[in-house]
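Structure first, then comments.
In this note's numbering, the protein residues as written are 16 to 540.
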């Protein structure tokens, strides 16, 4: 689990992009009208590999979702409950044995049948590639073939997060015979990446045509596909356009049909001829208040975090985020199990009491943040300035210390920031992604918050992790989120919006917190 990082690639100019992909193609639909058969998608490129098992970045997930299928899936934008993908599943009462039964008759893009051997190989391949960032998804999971169409996944402790894990495109099911013939193994000697950078080996609705890590990916229809999707667009170009302003210009000019990274302000300014799909993302922007006295001084007093929490005017901060965004009700975003219904409300009297109890004596506190890395269209500089102003009104003096992301990230990860603005996004659609905010866990330690400082938080996190029923699990995560909101060193601020804009003849956009959207679900109206 980690903060998602969008590596910036050079945006293609309008004339260059026209030369690369041309205009959207059309073909007769048999009714006397022309229906589009290809589309261009502009996005801030984050593509490092064509190998799904090694992929760990947003554009890579977008591509893998189109080329490969997973055991389980989600129904549109509903990420509350996994549904059958290549398989259906059952589980035992202890949530330690999950039995997956493959759908009969499904085939890979070369026509080969999908079997349990492909599942065992694909999952164990990721488990064996210890250098892969996606390797942790298979931690503690044993894969056992039952028969040609049945596989069991076993864990030593309850794992109700496992179904959600099996939706992640990194755990896509590959054609094992083909991948093994091209260097694939289930240990750290795997050498199939080069092959998978040029040829897809999956069962998804698309196959890989061309891939350039700097500029674009071209997908074409999988003629052997026999899954549930009925695709409308037989050719898709996913193009590197890092500047959202350029994405907006290309969409309005007809040079692209989908813009993935527009801000709330930009979609509000779009003219006629476009559709906008706005919804809260699964990212959380938060303040970190370090609890290590050697690093932080006065901020290490838990009452100081409480003072900051109650001093802020959250609706005024939310004004900076635009369409689709909402106040963060806790470290768990509102779309996830166990999220709190209501966020903190400003209470200046409570802030004053907490500030006095903290021992704060008017000293200036430095607020650090990355100043070149907007999240969901939210720029951290105006957000920091508004936080500074609001805290000043509550009697807390704040000095701003912006720095480039590449400079700031190491300080944050290594727990050397006393007071800072950061963000967190999930790797798969499950509330377990937010347990690292616990004392002694990954994000907790970045805030200097050790297990010894909050043993009760550890107990709540363990209860959430080891629940064996969904009702028990929801209650445990809610208790965990509530405790963090009351006493943790984090002040959740905003869940930014996801704003995807398309040409007006396109429908079917459904936001997903992992793969952004399923290209195969896009439809021509």
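Built from N, CA and C at the ideal position, the CB exists for glycine as well.
Pick from the options: whose alpha carbon is nearest that of residue i?
i: residue 269; options: 153, 519 and 203; result: 519
i: residue 112; options: 170, 87, 98 and 411; result: 170
i: residue 338; options: 359, 332, 360 and 295; result: 295
i: residue 172; options: 369, 481 and 218; result: 481
i: residue 232; options: 91, 160 and 81; result: 81
i: residue 333; options: 136, 228, 94 and 394; result: 394
i: residue 165; options: 133, 460 and 116; result: 116
i: residue 68; options: 134, 124, 54 and 127; result: 134
i: residue 55; options: 250, 259 and 440; result: 250
i: residue 210; options: 389, 202 and 190; result: 190
i: residue 485; options: 446, 414 and 461; result: 446
i: residue 180; options: 441, 237 and 93; result: 441
i: residue 193; options: 234, 217 and 292; result: 217
i: residue 201; options: 221, 153, 244 and 225; result: 153
Short check: CB of residue i to CB of residue j, under 8 Å?
i: residue 355; j: residue 488; result: no
i: residue 420; j: residue 470; result: no
i: residue 525; j: residue 266; result: no
i: residue 505; j: residue 302; result: yes
i: residue 375; j: residue 183; result: no
i: residue 205; j: residue 140; result: yes
i: residue 230; j: residue 223; result: no
i: residue 73; j: residue 87; result: no
i: residue 208; j: residue 66; result: yes
i: residue 280; j: residue 262; result: no
i: residue 253; j: residue 101; result: no
i: residue 463; j: residue 503; result: no
i: residue 346; j: residue 473; result: no
i: residue 433; j: residue 310; result: yes
i: residue 341; j: residue 510; result: yes
i: residue 114; j: residue 104; result: yes
i: residue 64; j: residue 212; result: yes
i: residue 84; j: residue 219; result: yes
i: residue 228; j: residue 52; result: no
i: residue 522; j: residue 307; result: no
i: residue 156; j: residue 175; result: no
i: residue 271; j: residue 319; result: no
i: residue 412; j: residue 380; result: yes
Check the DSSP bridge columns for residue i and list the partner residues they point to.
i: residue 56; result: 253 and 273
i: residue 439; result: 299
i: residue 231; result: 227 and 254
i: residue 384; result: 417
i: residue 240; result: DSSP, once it has assigned bridges, lists no residue as partnering residue 240.
i: residue 132; result: The partner list for residue 132 (beta bridge, DSSP) is empty, contrary to what the question assumes.
i: residue 291; result: 516
i: residue 167; result: 114 and 159
i: residue 341; result: 510
i: residue 538; result: 522
i: residue 221; result: 236
i: residue 356; result: Residue 356 is not bridged to any residue.
i: residue 261; result: Note: residue 261 sits in no beta bridge, so no partner.
i: residue 505; result: 303
i: residue 122; result: 128
i: residue 531; result: 527
i: residue 495; result: Answer by DSSP bridge pairing: none, since residue 495 is not bridged.
i: residue 434; result: 304
If residue i sits next to residue j, beta carbons under 8 Å apart, how far is it from one beta carbon to the other, in whole angstroms?
i: residue 185; j: residue 131; result: The pair is not a contact, with the Cβ atoms about 20 Å apart (cut-off 8 Å).
i: residue 305; j: residue 314; result: 6 Å
i: residue 391; j: residue 257; result: Rounded, the Cβ-Cβ distance is 15 Å, inconsistent with contact.
i: residue 383; j: residue 416; result: 5 Å
i: residue 195; j: residue 129; result: In fact, because the Cβ distance is near 15 Å, the residues do not count as touching under 8 Å.
i: residue 491; j: residue 475; result: 7 Å
i: residue 366; j: residue 326; result: 4 Å
i: residue 239; j: residue 125; result: 7 Å
i: residue 369; j: residue 508; result: In fact, because the Cβ distance is near 18 Å, the residues do not count as touching under 8 Å.
i: residue 358; j: residue 329; result: 6 Å
Provide the residue span of the beta strand (DSSP E) that contains residue i, from first to last.
i: residue 390; result: Premise fails: residue 390 is in no beta strand (DSSP E) and is neither H nor E.
i: residue 95; result: 93–99
i: residue 106; result: 102–106
i: residue 541; result: This structure cannot speak to residue 541, because the chain is shown only from 16 to 540.
Go to residue i, then tell me how far its alpha helix (DSSP H) extends in each direction, as first and last residue.
i: residue 80; result: 73–82
i: residue 69; result: Residue 69 -> no alpha helix (DSSP H), and no H or E assigned at all.
i: residue 150; result: That residue, residue 150, is in no alpha helix (DSSP H); it is neither H nor E in DSSP.
i: residue 375; result: Looking at the DSSP string, residue 375 is not in any alpha helix (DSSP H), and its letter there is neither H nor E.
i: residue 282; result: 279–283
i: residue 246; result: Premise fails: residue 246 is in no alpha helix (DSSP H) and is neither H nor E.
i: residue 474; result: 470–480
i: residue 400; result: 395–408
i: residue 350; result: No alpha helix (DSSP H) contains residue 350, which DSSP labels as neither H nor E.
i: residue 459; result: 457–461
Can you tell me whether residue i sits near the ligand NAD, meaning its C-beta is under 7 Å from at least one heavy atom of the ligand?
i: residue 66; result: Ligands in the displayed structure: none, and consequently the ligand NAD is not present.
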